[in-house]
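Offset between the sequence shown (1-based) and the working numbering: plus 5.
Worksheet: one structure, shown below.
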Amino acid sequence: MSWSLKEAMKRTGMLKEGHFLLSSGRHSRQYLQCALLLQYPHDAEQTGRELASLFQDEAIDVVVGPALGGVIIAHEVARALNVRCLFTERKNGEMQLRRGFTIQPNERVLIIEDVVTTGGSVREVIDVLQGMQANIVGIGSIFNRSGREDLFGELPYRALQTIEIESQLPEECPLCKQGIPVVKPGSRTS
Ligand code: ZN
Numbered sequence: 006m007s008w009s010l011k012e013a014m015k016r017t018g019m020l021k022e023g024h025f026l027l028s029s030g031r032h033s034r035q036y037l038q039c040a041l042l043l044q045y046p047h048d049a050e051q052t053g054r055e056l057a058s059l060f061q062d063e064a065i066d067v068v069v070g071p072a073l074g075g076v077i078i079a080h081e082v083a084r085a086l087n088v089r090c091l092f093t094e095r096k097n098g099e100m101q102l103r104r105g106f107t108i109q110p111n112e113r114v115l116i117i118e119d120v121v122t123t124g125g126s127v128r129e130v131i132d133v134l135q136g137m138q139a140n141i142v143g144i145g146s147i148f149n150r151s152g153r154e155d156l157f158g159e160l161p162y163r164a165l166q167t168i169e170i171e172s173q174l175p176e177e178c179p180l181c182k183q184g185i186p187v188v189k190p191g192s193r194t195s
């Protein structure tokens, strides 16, 4: 059987059901835990190949992902494109390219993230790269949760899968009304 993202999502249980506190402060019944998909190197590699194929004609020189969520998938996309992979990370809250990573002016850069919700981390990476005169060719993510495709203006944005996750303000949350405890994803059990 050929590999498919939908099958891998189901098999790895990455779309969690429960009562979750999202980073936006809203509550939801579902949460995407990409680490559960990417824990399997074969699934990570196949996901990277599919995502890379969306940009195969762009003559990418380097892939950049924001830590932590973007690191594994950026690496797999870079493997598929046979180019180098860098990551940005926050120091004192500020997104930076550290560890001796460099980008030459006009190098063709692809930004890769696991899930795009508001696009905040990606915008911080864009700022870092523009400061280095990099040529940002596009942005890719496994999942697009933003409900938009023009999230980054002129820069092309492509995702493998669009996902809608309903959420409510805490005071309107039916699960809170039922007294079900809310869980912050990223904890030991989620
Ligand atoms: Zn709730």
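C-beta: ideal position from N, C-alpha, C; glycine also.
Reducing DSSP to helix, strand and coil, say where R84 ends up.
helix
For a test of the three-state rule: what should DSSP assign to C181, helix, strand or coil?
helix
From the DSSP secondary-structure annotation, give me the bridge partner or partners of R163.
G145
By Cβ distance below 6 Å, which residues in the same chain neighbour R54 in space, the five residues on each side in sequence not counted?
A85
Neighbourhood of P190 by C-beta, 8 Å cutoff - its chain only, sequence neighbours within 5 removed
K21, F25, L26, L27, Y36, Q38
Proximity test, C181 beta-carbon vs ligand 1 heavy atom, cut-off 7 Å:
yes
Report buried or exposed for M137, applying the criterion of at least 16 other Cβ atoms within 10 angstroms of its Cβ.
exposed
8 Å contact criterion, which I170 and S58 should meet: CB distance rounded
Incorrect: roughly 26 Å between the Cβ atoms, too far for contact.
Relative to ligand 1, is the shortest distance from any of its heavy atoms to the C-beta of C39 smaller than 7 Å?
no
Backbone secondary structure at L14 - three-state DSSP:
Sequence inspection shows Met at residue 14; the Leu mentioned does not correspond to that position. Of the three classes helix, strand and coil, the one that applies to M14 here is helix, per DSSP.
Looking at P186 and ligand 1, is the gap between the Cβ and the nearest heavy atom below 7 Å?
no
Starting from the C-beta of S126, find all residues in its chain whose C-beta is less than 8 Å away, skip the five residues before and the five after it, and write them out in chain order.
P71, G74, G75, M100, E118
Sorry if obvious, but does the Cβ on P190 come closer than 7 Å to a heavy atom of ligand 1?
no
Flag this pair as yes or no: are the beta carbons of I108 and V67 separated by less than 8 Å?
yes
Helix, strand or coil at P46 according to DSSP, with G and I counted as helix
helix
Mind checking E159: buried by the 16 CB within 10 Å criterion, or exposed?
exposed
Quick check on A13: buried or exposed, where buried means 16 or more other Cβ atoms within 10 Å of its Cβ?
buried
Hey, quick one: how far does the alpha helix (DSSP H) through G125 stretch, first residue to last?
125 to 135
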